[in-house]
Ligand code: BTN
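Residue numbers (my numbering): 7 to 249.
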């Protein structure tokens, strides 16, 4: 197993494992790949300005740091796809209806079980390091009312699971799949949440529209077919799902 070979920093509590991983990278030489894991985050971060909530010790709060080889900065979305497919495939044997909600949330049915926050450290024209933050709801069974649609493995499977056993499988899957980052494309597309279905979105100007999800292009934009056979691609910052 890869994981047994990689360096780890495991703490009870930190602000954010992604932040700690980036500080460690800056402050002292780290044997890359390595991972940072926390029992609790006081300032867990989601995409953009969002936060990530998790009860202490109930869930996987992980940041895996690696140095991607042969992935150009134009192809950064390949890392998102690889990580999403890795988490999807680790869950799939036990969990029905797992899908990837663009860009890289993991859903079970219409509920979110995991979030992914990837931060690439770019040096010149290369991705020097990649900090892959994963929050996976494992054993938590009550969530804040402010969260729209959370779910955990325990809620689905009616039993507690080993957080570290899942962690090791996810790390192994990522380290294996990242060697050929574009190899995850077809699985990503196959399991894309609501693909081929009419879906309502809100644009950043507040307008609401309906489009059919066709897929995702190489720069990670969601491609929608709109009324009148028009096809348009959107960045993550431009639209949000209305479910
Ligand atoms: C999202 O859904 O918007 C992304 C959530 C990412 C959460 C994980 S938990 C471990 C790592 N540390 C953080 O502060 N965030 C990521």
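The beta carbon of each residue, even a glycine, is placed where N, CA and C say it ideally should be. What you are looking at is a predicted structure, and each value in this text was computed from that prediction instead of being measured.
Own chain, CB closer than 6 Å to residue i, minus 5 neighbours either side, in chain order
{"i": "residue 209", "result": "245"}
{"i": "residue 223", "result": "229 and 239"}
{"i": "residue 241", "result": "227"}
{"i": "residue 15", "result": "42"}
{"i": "residue 120", "result": "93, 112 and 142"}
{"i": "residue 221", "result": "195 and 229"}
{"i": "residue 103", "result": "114 and 115"}
Three-state class that DSSP yields for residue i in the structure shown
{"i": "residue 83", "result": "helix"}
{"i": "residue 249", "result": "coil"}
{"i": "residue 48", "result": "coil"}
{"i": "residue 28", "result": "helix"}
{"i": "residue 88", "result": "helix"}
{"i": "residue 147", "result": "coil"}
{"i": "residue 160", "result": "helix"}
{"i": "residue 23", "result": "helix"}
{"i": "residue 9", "result": "Any reading at residue 9 is ruled out, since the residue's pLDDT is 49, under 50, leaving its predicted position unreliable."}
{"i": "residue 129", "result": "strand"}
{"i": "residue 134", "result": "strand"}
{"i": "residue 114", "result": "strand"}
{"i": "residue 70", "result": "strand"}
{"i": "residue 97", "result": "helix"}
{"i": "residue 18", "result": "strand"}
Contacting residues, own chain, Cβ-Cβ under 7 Å from residue i (five flanking each side not counted)
{"i": "residue 23", "result": "42, 43, 44, 47, 67, 68, 69 and 139"}
{"i": "residue 247", "result": "205 and 207"}
{"i": "residue 190", "result": "87, 88, 91 and 183"}
{"i": "residue 9", "result": "Reliability fails at residue 9, whose pLDDT of 49 lies under 50, so the model's placement of it is uncertain and no value is given."}
{"i": "residue 233", "result": "none"}
{"i": "residue 217", "result": "205, 207, 230, 231 and 232"}
{"i": "residue 107", "result": "113 and 199"}
Residue i: CB within 7 Å of a non-hydrogen atom of ligand 1
{"i": "residue 58", "result": "yes"}
{"i": "residue 24", "result": "yes"}
{"i": "residue 202", "result": "no"}
{"i": "residue 69", "result": "yes"}
{"i": "residue 53", "result": "yes"}
{"i": "residue 172", "result": "no"}
{"i": "residue 79", "result": "no"}
{"i": "residue 36", "result": "no"}
{"i": "residue 226", "result": "no"}
{"i": "residue 146", "result": "no"}
{"i": "residue 4", "result": "Here the chain comprises residues numbered 7 to 249, so residue 4 is not present and cannot be evaluated."}
{"i": "residue 123", "result": "yes"}
{"i": "residue 141", "result": "yes"}
{"i": "residue 152", "result": "no"}
{"i": "residue 45", "result": "no"}
{"i": "residue 64", "result": "no"}
{"i": "residue 111", "result": "yes"}
{"i": "residue 50", "result": "yes"}
Cβ-based neighbour list, residue i, same chain, cut-off 8 Å, excluding 5 preceding and 5 following
{"i": "residue 95", "result": "179 and 193"}
Test: residue i CB closer than 8 Å to a CB of chain D
{"i": "residue 203", "result": "The structure shown contains no chain D, having only a single protein chain."}
With a floor of 3 residues, list each beta strand (DSSP E) that falls wholly inside the region 162 to 243, ordered by position along the chain. 204 to 209, 214 to 222, 228 to 231 and 237 to 240
Within 8 Å, do at least three Cβ pairs link the region 80 to 90 to the region 47 to 60? Using a C-beta cut-off of 8 Å, the region 47 to 60 makes no contact with the region 80 to 90, since fewer than three inter-stretch Cβ pairs fall below that distance.
Would you check if there are 3 or more beta carbon pairs closer than 8 Å linking the region 188 to 203 to the region 90 to 98? yes
Report yes or no: do the region 173 to 184 and the region 210 to 221 share at least 3 C-beta pairs separated by less than 8 Å? no
Pair every Cβ in the region 32 to 40 with every Cβ in the region 139 to 158, then say whether three or more of these pairs are closer than 8 Å. no
When the Cβ atoms of the region 132 to 146 are set against those of the region 155 to 171, are three or more pairs found closer than 8 Å? These segments touch.
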